[in-house]
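To start, the structure itself, in structure tokens.
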Amino acid sequence: MAKDGHKLEVLLVSPLPPPEGGMQSWTKRYMEWSAPSHALTVRLVDTAAAGRRALNPNAGRSLADEIGRSRNILGSLNRALSMYQPDVVHLNSSCSKYGIIRDYLCAAAIKRKRLPLVVHCHCNVEDQIDKSRWGPYFLRRLANLADLVLVLNETSQRYFEQVAGRECRRAANFIDEKYLLNTPKVFLPDIKTAIFVGHVYEKKGINEILAAAQLLPGIEFIIAGPISPQLSSAAIPNNVKMMAAVDNATVMGLLDKADVFLFPSYSEGFSVALLEAMARGVPCIATPVGANRDMLEEQGGVLVRVGSVEDIVNAVNDLAPVSAREAMSHWNVRKVETKYTIDNVMNDLINVYRDVTA
Numbered sequence: 021m022a023k024d025g026h027k028l029e030v031l032l033v034s035p036l037p038p039p040e041g042g043m044q045s046w047t048k049r050y051m052e053w054s055a056p057s058h059a060l061t062v063r064l065v066d067t068a069a070a071g072r073r074a075l076n077p078n079a080g081r082s083l084a085d086e087i088g089r090s091r092n093i094l095g096s097l098n099r100a101l102s103m104y105q106p107d108v109v110h111l112n113s114s115c116s117k118y119g120i121i122r123d124y125l126c127a128a129a130i131k132r133k134r135l136p137l138v139v140h141c142h143c144n145v146e147d148q149i150d151k152s153r154w155g156p157y158f159l160r161r162l163a164n165l166a167d168l169v170l171v172l173n174e175t176s177q178r179y180f181e182q183v184a185g186r187e188c189r190r191a192a193n194f195i196d197e198k199y200l201l202n203t204p205k206v207f208l209p210d211i212k213t214a215i216f217v218g219h220v221y222e223k224k225g226i227n228e229i230l231a232a233a234q235l236l237p238g239i240e241f242i243i244a245g246p247i248s249p250q251l252s253s254a255a256i257p258n259n260v261k262m263m264a265a266v267d268n269a270t271v272m273g274l275l276d277k278a279d280v281f282l283f284p285s286y287s288e289g290f291s292v293a294l295l296e297a298m299a300r301g302v303p304c305i306a307t308p309v310g311a312n313r314d315m316l317e318e319q320g321g322v323l324v325r326v327g328s329v330e331d332i333v334n335a336v337n338d339l340a341p342v343s344a345r346e347a348m349s350h351w352n353v354r355k356v357e358t359k360y361t362i363d364n365v366m367n368d369l370i371n372v373y374r375d376v377t378a
């Protein structure tokens with residue numbers, strides 16, 4: 021096994037795009053960072069979605085697709101384990117209804133080779149595990165096989181430790197340094213633009229944003245991201261601009277235009293959309309779910325109750341003073357720079373690998 025200061029051989033079991041976003045984009049950035057790294061050599065077992073879900077993440081799950089996908093993943097994993105002797109295996113899990121079973125089978129194959137195993141839950145664990153009767157059972161089985169388990173937020177940590185009966189650690193998501201604002205953000209005297217970026221569906225708080233827009237007619241609300249069919253018949257106020265999915269350059273431009281970033285979601289793991297808004301120095305209005313509270317610490321924005329239109333409107337009014345927005349903007353950029361850049365987070369992960377290989 022690798023010793024401190026030596027290059028580590030990692031077998032990463034995780035999905036690449038398509039689709040973009042979430043764990044897929046995390047994997048892509050992890051691989052790009054590792055390619056020139058002097059600390060890691062990484063080989064990938066790609067667990068990307070199969071069938072309709074490869075093109076549309078909101079498509080329904082097909083049992084036949086999931087069985088075929090699991091068979092292919094296990095085959096690829098067993099071939100990799102027979103060819104390589106990594107220092108550590110990093111298994112990324114969404115803890116989904118079928119995925120938790122597949123991840124357990126993958127972990128069992130890894131431990132038959134007596135390899136150190138890090139399991140990384142890329143979700144709000146309770147939301148996923150409680151969707152199926154067998155979720156808690158397979159979570160416990162998976163936890164028993166892992167040398168160390170990583171989760172994204174405090175809520176997931178508490179739930180995991182209660183269900184699995186063992187400790188886990190929290191691990192932040194990361195962002196490319198290119199997102200960091202280089203010069204102080206300039207704010208107008210009045211709030212003119214509020215922005216949401218992400219998947220556009222009810223559980224992201226979109227209905228609450230639309231209702232708040234009706235009560236704040238002097239502000240333009242921009243909603244950018246893939247739009248769920250369930251919102252196709254929603255009444256859109258005149259001051260709301262709905263955009264489809266946009267690329268990273270467009271997202272950065274929208275954030276630079278924004279006076280506030282709206283993120284009133286019902287549930288989160290560790291939001292990259294919120295991370296990007298913070299990196300561009302945008303004051304944020306968010307619900308205290310997932311890692312949101314830890315990220316903002318009530319200094320980078322205003323926390324509002326889930327489902328409360330009144331709280332959103334009051335938060336926008338609270339951010340009216342330019343001095344308040346300037347202070348939050350500076351704090352957000354500094355927080356991302358010191359905690360959430362890819363270099364910082366990857367170096368933390370390397371320390372995790374060294375812990376389990378010691």
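First residue of the sequence shown? That's 21 in the working numbering, and the numbers climb one at a time after it.
All C-beta atoms in this analysis are idealised placements derived from N, C-alpha and C, irrespective of residue type, glycine included.
Bear in mind that the values here come from a model prediction, so they are computed numbers and not experimental data.
Considering only residues of the same chain and omitting the five flanking positions on each side of residue i, which have a CB-CB separation below 6 angstroms?
i	result
Ser-45	none
Ala-68	Pro-35, Leu-36
Thr-361	Glu-197
Leu-369	none
Val-365	Ala-192, Phe-194
Leu-32	Val-62, Leu-64, His-110
Please work out which residues of its chain come closer than 8 angstroms, Cβ to Cβ, to residue i, disregarding the five sequence neighbours upstream and downstream, and give them in chain order.
i	result
Pro-204	Gly-301, Glu-346, Ser-349, His-350
Val-30	Ser-54, Leu-60, Thr-61, Val-62, Arg-63, Pro-106, Asp-107, Val-108, Val-109, His-110, Tyr-373
Gly-155	Cys-115, Lys-117, Ile-120, Gln-148, Ile-149
Let's test the definition: count the other Cβ atoms within 10 Å of the Cβ of residue i and tell me whether it reaches 16, buried, or not, exposed.
i	result
Gly-310	buried
Arg-325	exposed
His-58	exposed
His-140	buried
Ala-22	In this prediction, Ala-22 scores a pLDDT of 47, lower than 50, which makes its location untrustworthy; no coordinate-derived value is stated.
Glu-228	buried
Asp-279	buried
Met-103	exposed
Ala-293	buried
Ile-226	buried
Pro-341	exposed
Pro-56	exposed
Thr-270	exposed
Leu-182	It should be pointed out that residue 182 corresponds to Gln in this sequence rather than to Leu. Looking at its Cβ environment, which holds fewer than 16 other Cβ atoms inside 10 Å, Gln-182 is exposed.
Ala-84	exposed
Counting along the chain, where does the alpha helix (DSSP H) carrying residue i start and finish?
i	result
Arg-160	155-165
His-350	342-359
Glu-146	145-149
Thr-175	174-184
Gly-88	83-103
Ala-233	226-235
Thr-377	362-377
Going by beta carbon distance, what residues of the same chain come within less than 7 angstroms of residue i, once the five residues before and after it are set aside?
i	result
Val-260	Leu-230, Ala-233, Phe-241, Ile-243
Asn-98	Ala-129
Leu-236	Val-333, Val-336
Tyr-179	Val-145, Glu-146
Arg-313	Leu-323
Gly-245	Val-217, Gly-218, His-219, Val-220, Ala-265
What are the boundary residues of the beta strand (DSSP E) that residue i is part of?
i	result
Ser-54	Segment 42-54 is the alpha helix (DSSP H) holding Ser-54; no beta strand (DSSP E) there.
Leu-111	108-113
Lys-261	260-263
Gly-273	Not the beta strand (DSSP E): Gly-273 falls in the alpha helix (DSSP H), residues 268-277.
Leu-168	168-171
Asp-322	As written in the sequence, residue 322 is Val, which differs from the Asp given in the question. Looking at the DSSP string, the run of the beta strand (DSSP E) that includes Val-322 is 321-323.
Asp-196	Where Asp-196 is concerned, there is no enclosing beta strand (DSSP E), given that its DSSP letter is neither H nor E.
Pull up the CB-CB distance for residue i and residue j, whole angstroms please, since I reckon it's below 8 angstroms.
i	j	result
Val-171	Ala-163	About 11 angstroms; that fails the 8 angstroms criterion.
Ile-215	Leu-274	5 angstroms
Gln-250	Tyr-221	6 angstroms
Phe-290	Ile-305	Contact flag wrong, Cβ pair sits at about 18 angstroms.
Leu-201	Ala-299	7 angstroms
Asp-167	Val-376	4 angstroms
Arg-190	Glu-174	7 angstroms
Inset, instruction - Decide yes or no for the touch test of the stretch 249-268 against the stretch 318-331: beta carbon pairs closer than 8 angstroms, at least 3 of them. - result: The stretch 249-268, when compared against the stretch 318-331, does not touch it at the 8 angstroms Cβ threshold.
Legend entry - Stretch-stretch touch, CB-based, cutoff 8 angstroms, three pairs: the stretch 180-187 with the stretch 208-217: Per the Cβ contact rule, the stretch 180-187 is not in contact with the stretch 208-217 (fewer than 3 Cβ pairs under 8 angstroms).
Legend entry - Three or more C-beta pairs below 8 angstroms linking the stretch 117-126 and the stretch 43-57: Counting Cβ pairs under 8 angstroms, fewer than three are found: no touch.
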